[in-house]
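Engineer: Quick one: this structure, given as structure tokens, is what I'll be asking you about.
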Amino acid sequence: DAGVTQSPTHLIKTRGQQVTLRCSPISGHKSVSWYQQVLGQGPQFIFQYYEKEERGRGNFPDRFSARQFPNYSSELNVNALLLGDSALYLCASSPRAGTGVENTFGSGTRLTVV
Amino acid sequence: GQNIDQPTEMTATEGAIVQINCTYQTSGFNGLFWYQQHAGEAPTFLSYNVLDGLEEKGRFSSFLSRSKGYSYLLLKELQMKDSASYLCAGMPGAGSYQLTFGKGTKLSVIP
Chain A
539 DAGVTQSPTH LIKTRGQQVT LRCSPISGHK SVSWYQQVLG QGPQFIFQYY
589 EKEERGRGNF PDRFSARQFP NYSSELNVNA LLLGDSALYL CASSPRAGTG
639 VENTFGSGTR LTVV
Chain B
109 GQNIDQPTEM TATEGAIVQI NCTYQTSGFN GLFWYQQHAG EAPTFLSYNV
159 LDGLEEKGRF SSFLSRSKGY SYLLLKELQM KDSASYLCAG MPGAGSYQLT
209 FGKGTKLSVI P
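Just so you know, the sequences run in chain order A and B. Take 539 as the starting number for the first sequence in this note's numbering and just add one per residue. Take 109 as the starting number for the second sequence in this note's numbering and just add one per residue.
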């Protein structure tokens, strides 16, 4: 079975641009969470979606937005990119909301903003 | 906010035992997780404690004391492949779904 897949794996963008990151959860998983991991730090929670509804939002500016599609895949959008947005963006899926013990992470998208 | 603290780096010898500590605010979390993350890879789930005490899973064990806001991950019979970052993460109670991670402890296993 395929795990959590994220695309692209690496991305380079210029300050001020917009970026869209994609995540496909494990088959049967209905919850997707997004985390930002800056080099040398632990992942920081951005969003959680369950059944296409936002169920949690971390302390990130409105430049960050996300959505979940009927097939439970998800996109994370970041507008007006800043140098500080350079990070590894991780997606995690789980069968249900609030089941951290069943979270499975994808390998992430490495975003570099120059 | 709910802070989670863990040492930045540790070094241990192959075949030895190492304990990685994690402390947090006692009123913060409903459960505590440990993840392993090799450089450039996804975090992988190691253990989850929701009750006080020791959970053993092969070479890895995790301990939780909720009253003290303290957890540790114990790795026995260290292998070179155990060189990785170990992340402690707390999950708040019902109604909140986010994991709050510590900064991670980079473990280097040397021959």
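The C-beta atom is built at its ideal place from N, Cα and C for all residues, glycine as well. Nothing here was measured: the structure is a model prediction, and the numbers come from that model.
Quick one: residues in its chain with C-beta nearer than 6 Å to the C-beta of Phe141/B, no 5 flanking neighbours on either side, listed in chain order?
Structural biologist: Answer for Phe141/B: Tyr156 and Ala197, listed in chain order.
Engineer: Quick one: using the 10 Å Cβ neighbour count with 16 as the cut-off for buried, is Asn609/A buried or exposed?
Structural biologist: Exposed, because fewer than 16 other Cβ atoms sit within 10 Å of the Cβ of Asn609/A.
Engineer: Name, please, each residue of chain A whose Cβ falls closer than 9 Å to the Cβ of Ala192/B.
Structural biologist: Going along chain A, no residue has its Cβ under 9 Å from Ala192/B, so there is no contact; the nearest lies around 13 Å.
Engineer: Output yes or no for whether 8 Å exceeds the beta carbon distance between Gly554/A and Leu614/A.
Structural biologist: Not in contact: Gly554/A and Leu614/A (Cβ atoms no closer than 8 Å).
Engineer: Can you tell me whether DSSP reads Leu622/A as helix, strand or coil?
Structural biologist: For the record, residue 622/A in the displayed sequence is Gly; it is not Leu. Three-state result, Gly622/A: helix.
Engineer: Any idea what DSSP makes of Lys590/A, helix, strand or coil?
Structural biologist: Coil.
Engineer: Please list, in chain order, the chain A residues whose beta carbon lies closer than 7 Å to that of Glu149/B.
Structural biologist: Near Glu149/B (Cβ distances below 7 Å), the residues of chain A are Ser645.
Engineer: To the nearest angstrom, how far is the alpha carbon of Thr213/B from that of Lys189/B?
Structural biologist: Cα to Cα, the separation comes out at about 15 Å.
Engineer: Where Thr119/B and Tyr143/B are concerned, what is the direct C-alpha to C-alpha distance, given to the nearest angstrom?
Structural biologist: Whole-angstrom Cα-Cα distance: 18 Å.
Engineer: Do Ile584/A and Phe607/A have their C-beta atoms within less than 8 Å of each other?
Structural biologist: Not in contact: Ile584/A and Phe607/A (Cβ atoms no closer than 8 Å).
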